[in-house]
Each structure stands twice: as structure tokens, then as C-alpha cells.
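2 protein chains.
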Amino acid sequence: MARLPVYLQCLESLPGRPATVSSQTLADIASVTSAKVRKDLSYLGSHGVRGVGYDKEQLCLLIRKELGLTEDWPVVIVGAGNLGSALANYGGFGSSGYRVVGVYDADPSKIGQPLGGLTVQALVDIPGDVESNGVSIGVIATPASAAQETADLLTTAGVGSILNFAPVVVRVPSTTRVRNVDLATELQILSYYSVHAR
Amino acid sequence: MARLPVYLQCLESLPGRPATVSSQTLADIASVTSAKVRKDLSYLGSHGVRGVGYDKEQLCLLIRKELGLTEDWPVVIVGAGNLGSALANYGGFGSSGYRVVGVYDADPSKIGQPLGGLTVQALVDIPGDVESNGVSIGVIATPASAAQETADLLTTAGVGSILNFAPVVVRVPSTTRVRNVDLATELQILSYYSVHAR
DNA sequence: GTGAGCTTGTGAAAAGGATCACAATTCCGA
DNA sequence: TCGGAATTGTGATCCTTTTCACAAGCTCAC
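Right, dumping it as C-alpha cells:
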């Protein structure tokens with residue numbers, strides 16, 4: 021379920037005490053209904069206590085496990101522009117098992133520059149790094165014009181999941197998972213709702 | 021529907037000739053089924069021609085209108101770090117009615133610096149700019165710690181829609197629309213599918 | 001120990017999407 | 001002009017998700 025990350029985020033924003041949280045409380049914070057929360061969590065196995073709620077710590081662990089956050093997920097970022105820099109410096113990685121192992125760019129003037137504790141490398145370094153680090157997630161932070169070839173490069177190198185920030189639909193083999201994050205799309209959805217205001 | 025922006029993107033990536041496109045073709049590019057495309061487009065009113073397809077230009081216009089892209093949408097960006105810079109320099113704005121009218125930061129050393137054709141301003145300038153420009157969309161590109169107060173600032177200033185890039189769930193009045201874009205969440209969804217691979 | 005007050009887990013009903021399948025319509029070549 | 005190929009629009013069906021409702025279970029105060 022796509023809601024698990026939200027629950028996890030909410031749980032982590034909660035104070036340590038009390039040690040339990042009710043589905044209603046969690047639902048309020050996450051802006052969903054309590055029934056939805058309970059159904060979602062029951063899908064992970066029933067670990068709540070009736071009359072009390074869910075143990076926050078235990079629940080965090082459970083969601084983490086379900087999301088695969090107990091494993092190590094090395095990540096490569098292609099594109100060292102503003103967006104790539106923002107991603108490379110993003111703090112939320114360390115605690116979650118995601119670890120940026122390489123940042124790459126086609127621009128020779130950027131190669132060799134330090135960025136977020138790493139050094140920007142050339143695109144030709146991707147296949148080797150992917151293999152030696154067992155990288156399964158690649159992030160496309162390039163301009164739209166380079167997105168498709170970057171996607172090809174990543175899939176050929178053996179990356180199984182791609183997070184695409186470029187505003188184009190990239191074509192990949194059916195075995196590769198892609199998620200698109202596009203500013204224009206998000207803005208369009210916002211303005212759509214503004215126009216069709218309820 | 022959240023698929024309209026994708027269709028629009030696909031249509032714009034298509035060459036000028038031929039002037040029409042079939043639901044099947046569009047579906048292939050957008051990675052959905054042709055029935056879905058037809059249902060979605062019929063919701064906009066029936067403007068396809070049987071045996072031929074949809075007129076691309078007319079369809080673009082129709083989707084644009086539905087998404088409200090024929091109107092002007094001034095946008096403010098709060099946070100002039102790497103992410104804010106990436107957004108301010110993002111090219112996809114001009115053609116779409118979205119227009120960045122202000123970039124703001126709390127850091128005095130950043131205020132006054134040029135950024136994407138604008139000048140970084142102080143947070144106190146937000147309410148005035150929002151009102152004088154009729155801004156209805158605000159983008160939060162601050163660190164997580166400043167996200168909530170930024171959201172408060174924006175809603176108080178009269179912004180009706182917020183695009184939040186900070187990895188926290190912000191609380192806003194129920195009349196305000198929020199969309200969250202969070203790298204950690206996206207990565208978690210990707211790794212979830214990797215763990216539960218089909 | 002008992003009753004009152006919460007809260008979970010879950011079956012059943014409702015709602016919402018997605019898919020199927022095909023009649024209706026158009027184009028085009030002969 | 002006619003027949004066949006292509007393509008839309010949409011009713012019917014299926015499947016997934018959401019919501020509802022409530023019995024079952026836990027805690028606490030007295």
C-alpha cells in the first residue's frame with residue numbers, strides 16, 4: 021500500500037510518550053479514516069491491542085520491515101544539477117537504508133567536483149558501480165532531453181527500479197519499475213482541483 | 021483524473037504529423053489501456069472521430085482547458101536551497117501558465133541573491149506579494165523543520181494550494197489543498213515493490 | 001470482581017475504477 | 001457506390017478499495 025510510508029512518517033513525528041497510538045489518532049494526522057488505518061495495519065498482521073491501540077515502536081518496525089527498510093538500498097543519482105544536488109544532500113537517507121553510492125553527470129566540468137560527500141563521476145562509471153555495489157535503484161535528475169538515454173543506461177546496467185524526475189515518460193523493459201515525479205504534473209493536478217473546486 | 025497531465029505530456033512529445041492520434045497509440049505511449057484512454061477522454065465530452073482518432077491539437081486544448089492551463093497561475097517558492105533553485109530554474113513553467121513570481125528564504129545571506137531571473141526575498145514579503153499577484157499556489161522547498169510554519173505563513177497569506185516537498189505531513193485548514201512530493205516516500209514505494217516482486 | 005469506556009479486527013455492504021465487448025461511425029480503395 | 005478496415009463511445013461486468021457497523025477484547029476505577 022502507498023499509505024504505509026505516510027503512516028511511518030506520522031509515527032516518527034509523534035512524541036515518545038505515550039507509547040501507544042490509536043487508529044483514530046493516526047488517521048487524523050495522516051488525513052485518512054480510522055477504518056482505513058485499521059484495515060491497512062491488519063494486513064500486516066494483527067498487532068494492535070483492543071481498548072489500547074498500537075505500540076508505536078513495534079508498529080514502526082513492522083512497517084519498516086514491510087517496506088523493506090531493514091535492507092540496504094544503494095542508490096545512484098544521474099544528473100548533478102540543482103535537482104541532483106538537492107537529492108544528493110537530502111538528509112532523509114541515512115536513517116532509512118537508502119544510501120547514495122554515486123552521482124554522475126555528462127558535463128565534463130562537473131566531473132570530479134565534490135557533492136554531498138561524494139565526487140561527481142562520468143556516466144561511463146555507472147555500469148561498474150552498479151554491479152559492484154549491487155545497486156537496484158536509480159534516480160534520473162537530468163534534463164528531459166537526456167532522460168530516455170539515462171533510463172536505457174540504468175536498465176542496461178542492471179538497475180531494477182527508477183525514480184524519474186524528468187518531465188517525460190520514459191520507456192523501459194516491463195520488468196523495470198518506474199515512478200515519475202514531475203513538478204508540472206503536480207501543479208496541474210493542483211490547478212485542476214482549484215478549477216473544479218468543491 | 022490524475023492521468024490527464026500524462027496524456028498531455030505524451031501528446032506534446034508526439035510529432036506534428038499526422039494530425040490525429042488513436043486511443044491505442046496514446047495508450048501505448050502512456051502505458052495504460054486504450055479503453056481507459058477512451059473513457060477518460062469521453063469524460064471531457066466526445067470529440068474523437070470514429071475510424072480516425074482524436075485531433076491532437078484539439079485534444080491538447082481540451083485537456084489544457086480541463087486542467088485550467090488556460091488561466092494564469094502565479095506561484096511562489098519558499099526556500100532557496102538546492103531544491104528551491106532547481107524549481108525556480110525549472111523550464112516547464114513558461115508554456116503552461118505557471119509563473120514563478122517570488123522566491124523566499126529565511127537565511128539573510130541568501131536574500132538579495134539572483135535566482136532564476138528573480139531575486140530571493142525575505143519571508144515577510146510573502147503576504148504582500150501573494151495578495152498583489154493573486155497567487156494561489158505555494159511551493160514548500162524548505163527543510164522539514166521549517167515546513168509547518170511555512171505552510172501556516174502561506175495559508176495565512178491566502179494561498180489556496182500547496183505543493184510540499186518537505187518530508188513531513190503539514191497541517192492546513194480543510195479548505196487548502198496540499199500535495200506532498202517526498203523522495204523518501206517514493207523510494208519506499210519502489211523498494212516495497214522490489215521486496216514484493218511479482 | 002464488575003461495569004463502564006475505549007479500541008481493535010473484520011464481515012458485509014457500498015462505491016469507485018478498470019476491463020470487456022460490440023454497435024455505430026468514418027475513411028478509403030476499387 | 002460498396003465493402004472492408006479502423007476506431008470511437010458506452011453499456012455491462014468484474015474487481016478492488018472504501019466505508020459501515022458491531023462483536024470481541026483490554027484497562028481502569030471503584
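Protein sequences, first through last, are from chains A and B.
Everything in the first sequence is counted per the numbering used here, starting at 21 for the first residue and increasing by one.
Everything in the second sequence is counted per the numbering used here, starting at 21 for the first residue and increasing by one.
We put the CB at the ideal spot given by N, CA and C, even for glycine.
On a predicted model such as this, the values are computed, not experimentally measured, just so you know.
Where residue i falls: helix, strand or coil (DSSP)
i	result
residue 141 of chain B	strand
residue 219 of chain B	Not covered by the structure: residue 219 of chain B. The range shown for chain B is 21 to 218.
residue 205 of chain A	helix
residue 71 of chain B	coil
residue 199 of chain B	strand
residue 191 of chain B	coil
residue 94 of chain B	strand
residue 183 of chain A	strand
residue 135 of chain B	strand
residue 175 of chain B	helix
residue 118 of chain A	strand
residue 213 of chain A	helix
residue 124 of chain B	strand
residue 158 of chain B	strand
residue 45 of chain A	helix
CB contact below 8 angstroms: residue i versus chain A
i	result
residue 181 of chain B	yes
residue 50 of chain B	yes
residue 106 of chain B	yes
residue 126 of chain B	no
residue 29 of chain B	yes
residue 215 of chain B	yes
residue 100 of chain B	no
residue 211 of chain B	yes
Sub-8 angstroms separation of residue i and residue j beta-carbons
i	j	result
residue 217 of chain A	residue 186 of chain A	no
residue 182 of chain A	residue 198 of chain A	yes
residue 193 of chain A	residue 154 of chain A	no
residue 50 of chain A	residue 190 of chain B	no
residue 230 of chain A	residue 109 of chain A	Coverage of chain A is limited to positions 21 through 218, which leaves residue 230 of chain A absent and any answer about it impossible.
residue 39 of chain B	residue 77 of chain B	yes
residue 123 of chain A	residue 74 of chain A	no
residue 149 of chain A	residue 121 of chain A	yes
residue 162 of chain A	residue 170 of chain A	yes
residue 44 of chain A	residue 33 of chain A	no
residue 117 of chain A	residue 151 of chain A	no
residue 203 of chain A	residue 107 of chain B	yes
residue 214 of chain A	residue 214 of chain B	no
residue 146 of chain B	residue 96 of chain B	yes
residue 99 of chain A	residue 160 of chain A	yes
residue 196 of chain A	residue 180 of chain A	yes
Min CB distance residue i to chain B below 8 angstroms
i	result
residue 160 of chain A	no
residue 25 of chain A	yes
residue 227 of chain A	Nothing can be reported for residue 227 of chain A: it is not among the residues displayed for chain A, which extend from 21 to 218.
residue 146 of chain A	no
residue 157 of chain A	yes
residue 122 of chain A	no
residue 61 of chain A	no
residue 220 of chain A	Nothing can be reported for residue 220 of chain A, as the shown portion of chain A is limited to 21 through 218.
residue 109 of chain A	yes
residue 116 of chain A	yes
Residue i Cβ short of 7 angstroms to the ligand NAD heavy atom set
i	result
residue 187 of chain B	The ligand NAD is absent from the structure shown, which contains no ligand whatsoever.
For this session: Decide yes or no for the touch test of the region 118 to 135 of chain A against the region 64 to 73 of chain A: beta carbon pairs closer than 8 angstroms, at least 3 of them.
Result: no
Exercise. Of the residues that make up the region 64 to 97 of chain A, which ones have a beta carbon closer than 8 angstroms to any beta carbon in chain B?
Worked result: 86, 87, 88, 89, 91, 93, 95
For this session: Could you please tell me which residues of the region 165 to 189 of chain A, in chain order, have their CB closer than 7 angstroms to any CB of chain B?
Result: 180, 181, 183, 187, 188, 189
Exercise. What are the residues of the region 31 to 55 of chain B that lie near chain A, defined by any Cβ-Cβ distance shorter than 8 angstroms?
Worked result: 33, 49, 50, 51
For this session: Specify whether the region 25 to 38 of chain B and the region 82 to 101 of chain B touch according to this definition: at least 3 beta carbon pairs, one from each stretch, less than 8 angstroms apart.
Result: yes
For this session: Give the residues from the region 195 to 208 of chain A that approach chain B closer than 7 angstroms (Cβ to any Cβ), ordered along the chain.
Result: 197, 199, 201, 203, 204, 205, 206, 207, 208
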